[in-house]
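First residue of the sequence shown: 8, per the numbering used here; consecutive thereafter.
This report concerns only the one structure given below.
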Amino acid sequence: MKYLLAALLLVSFTSAFADTPAKIAEDYRKQAAAALTKVNGMLESAATTLIAKLVTSGDTAGAEQLTAQLKSKLAGEPVPTPQASATLLFAQYDQARGKALEPVQKASISRIETLLKSASKPSLETVTELTKVRAEVEAGKAAPAPPDIPMSWNYYIGRDKSYLIGELLLSADGTVSLNSLKPDGTPYMVGNPKKPEATPGRWERTKTNALKITLTPLGKVEECEMLISGKDAVMKRAVGDRFLTAK
Numbered sequence: 008m009k010y011l012l013a014a015l016l017l018v019s020f021t022s023a024f025a026d027t028p029a030k031i032a033e034d035y036r037k038q039a040a041a042a043l044t045k046v047n048g049m050l051e052s053a054a055t056t057l058i059a060k061l062v063t064s065g066d067t068a069g070a071e072q073l074t075a076q077l078k079s080k081l082a083g084e085p086v087p088t089p090q091a092s093a094t095l096l097f098a099q100y101d102q103a104r105g106k107a108l109e110p111v112q113k114a115s116i117s118r119i120e121t122l123l124k125s126a127s128k129p130s131l132e133t134v135t136e137l138t139k140v141r142a143e144v145e146a147g148k149a150a151p152a153p154p155d156i157p158m159s160w161n162y163y164i165g166r167d168k169s170y171l172i173g174e175l176l177l178s179a180d181g182t183v184s185l186n187s188l189k190p191d192g193t194p195y196m197v198g199n200p201k202k203p204e205a206t207p208g209r210w211e212r213t214k215t216n217a218l219k220i221t222l223t224p225l226g227k228v229e230e231c232e233m234l235i236s237g238k239d240a241v242m243k244r245a246v247g248d249r250f251l252t253a254k
């Protein structure tokens, strides 16, 4: 029994000694995102219903406002003046979010305090980093969990995917970039031939395996649907279907 106790104490001491501000921050972000998955999903579903009602009633300005506020809420950013239809929803979400994050915050702050106590003389750099991490934890910031879909895609003309013309890159912040590739499938470099401008845009998930892609080339706007089936996808564009394969 004495040996077991000694081993547990050694593991505990070693873990505390090996802990770092960066590790605490990394673990907090992962655990917070996991803890908020269900709560964020419920908020997104309820808010989407409200947005659809606003669009149906002709209040496009309200729908756009609520869409932007939903993204802020999911990122843990404050929304001082909620869109009228979402006031109660946001208040309920804030309460549920705080409850879901509480255990993760307590565990992270405990690790911060343990790390400070375990070091006989912590460096100024360590103290400064721990101060930043604690501020992040206490503020309850947490990025949404990364999407469970591929984020990088090869982009083809033709169902047989014999003609690779570009790549579609999705970012966790909701932005998208459609980049042209050379005929051999390699990226254009600076110089000759001139690198084509990437087509920017945004994406959002509308169904489990469907995305709404909004491309904005040269100030224009093109909305299309991207249907995903595992590592294959089809983008329904105005110029015709485009076919994609996850990288």
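Note that beta-carbon positions come from the ideal geometry of N, C-alpha and C, so glycine has one too.
Source: prediction; values computed, not measured.
Item: Those runs of the alpha helix (DSSP H) which lie wholly inside the segment 31-70 and span at least 4 residues; Value: 44-63
Item: Stretch-stretch touch, CB-based, cutoff 8 Å, three pairs: the segment 50-60 with the segment 162-175; Value: no
Item: Simplified DSSP state of Val197, which is helix, strand or coil; Value: With a pLDDT of 44 at Val197, under the threshold of 50, the modelled position of this residue cannot be trusted; read the value that follows with caution. Looking at Val197 - three-state DSSP - the assignment turns out to be coil, as it is neither helix nor strand.
Item: Cβ-Cβ distance between Lys148 and Gly105 below 8 Å; Value: no
Item: For Lys219, the first and last residue of its enclosing beta strand (DSSP E); Value: Ala217 to Leu222
Item: Alpha-carbon spacing of Thr67 relative to Lys45, whole angstroms; Value: 28 Å
Item: Other residues of its chain near Val246: CB distance less than 7 Å, five sequence neighbours each side excluded; Value: none
Item: Cα-Cα separation between Glu174 and Asp155, rounded to whole angstroms; Value: 19 Å
Item: Length of the line joining the Cα atoms of Ile220 and Val134; Value: 44 Å
Item: Boundaries (first-last residue) of the alpha helix (DSSP H) holding Glu109; Value: Thr94 to Ser125
Item: Distance, Asp180 Cα to Ala39 Cα; Value: 17 Å
Item: Pairwise C-alpha distance: Arg249 and Lys113; Value: 48 Å
Item: Distance between Gly65 and Asp34 (C-alpha atoms, nearest Å); Value: 44 Å
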